[in-house]
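First the structure, in the form of structure tokens, and then the observations on it.
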Amino acid sequence: MNNEFKGDIEIILDNENISKEIEKNNAKAEDLLKDKKKMERFLERLERKLSLIPVAGKYLSDVPVLISLVKAYVDKEYIDIPIGTIIAIVGALIYVLSPIDLIPDAIPVIGYIDDAAVLAFAYKLVHDDVTEYKEWKEAKNNIINNG
1 MNNEFKGDIE IILDNENISK EIEKNNAKAE DLLKDKKKME RFLERLERKL
51 SLIPVAGKYL SDVPVLISLV KAYVDKEYID IPIGTIIAIV GALIYVLSPI
101 DLIPDAIPVI GYIDDAAVLA FAYKLVHDDV TEYKEWKEAK NNIINNG
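Counted from 1, the sequence shown has number 141 at position 141 by this note's numbering; the numbering is strictly sequential.
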């Protein structure tokens with residue numbers, strides 16, 4: 001990768017730029033959270049897109065957990081979480097699904113760098129809440145499996 005292009009990517013992936021991209025989606029996230037059917041369709045589309053990404057890498061590996069958390073929240077199964085956390089997660093997921101990216105997804109491999117960066121940034125913001133959800137889910141599964 002040439003140095004000029006690498007410098008452009010570093011500017012795009014600056015935390016401030018990423019934060020702005022997530023914040024742009026807050027209103028959309030709030031609207032999705034109000035409509036369970038729209039949210040379900042959104043999450044299905046997201047899962048399909050993620051299955052097409054050739055290299056998920058460590059930044060995208062927790063996306064299924066984030067999707068599960070949002071589903072559990074929408075289904076009112078798991079609501080012991082700040083609404084700001086849910087909005088940040090959904091905002092980041094909207095960005096990943098959006099065809100309008102800082103770096104177009106059509107560019108092989110590099111096109112997913114911004115998606116991974118947005119998810120990594122959002123995950124850093126909500127890490128503790130996601131960890132609590134994972135613990136809750138594991139405890140719930142243990143209860144189900146152990147009767």
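Ideal Cβ placement from N, Cα and C applies to all residues, glycine included.
Every value quoted in this text rests on a predicted model; they were computed, and no experiment measured them.
Quiz item: In three-state terms, what does DSSP make of Ile89?
Solution: Translated into the one-based positions of the sequence shown, residue 89 becomes position 89. Reduced to three states, the DSSP call for Ile89 is helix.
Exercise. Compare the beta carbon distance of Ile89 and Val70 with 8 Å and say whether it is the shorter of the two.
Key: Walking along the sequence shown from the start, residue 89 turns up at place 89. Walking along the sequence shown from the start, residue 70 turns up at place 70. Against a cut-off of 8 Å, the Cβ pair of Val70 and Ile89 comes out as a contact.
Self-check item: Best match in Tyr123, Ile81, Glu44, Asn142 for proximity to Ser61 [C-alpha to C-alpha]
Solution: Within the sequence shown, the letter at position 61 stands for residue 61. Cα-wise, what sits closest to Ser61 is Tyr123.
Exercise. In angstroms with no decimal places, state the Cα-to-Cα distance between Ile79 and Ala72.
Key: Counting from one through the sequence shown, the residue named residue 79 turns up at place 79. Counting from one through the sequence shown, the residue named residue 72 turns up at place 72. Computed Cα separation, rounded: 8 Å.
Quiz item: When the distance is taken between beta carbons, is Leu32 closer than 8 Å to Leu178?
Solution: Past the edges of the chain, shown from 1 to 147, lies residue 178, and the structure says nothing about it.
Practice problem: Look at the alpha carbon of Val118 and the alpha carbon of Glu44, and state the distance between them as a whole number of angstroms. | Solution: Taking the first residue of the sequence shown as 1, we reach residue 118 at position 118. Taking the first residue of the sequence shown as 1, we reach residue 44 at position 44. Near 20 Å, if we compare the C-alpha coordinates of Glu44 and Val118.
Exercise. Reducing DSSP to helix, strand and coil, say where Ser61 ends up.
Key: By 1-based counting over the sequence shown, the position of residue 61 is 61. DSSP places Ser61 in coil when its eight states are reduced to three.
Self-check item: Assigned secondary structure, Ala106 (DSSP; H/G/I helix, E/B strand, else coil)
Solution: Position 106 of the sequence shown, counted from the start, is the residue given in the question as residue 106. Three-state result, Ala106: coil.
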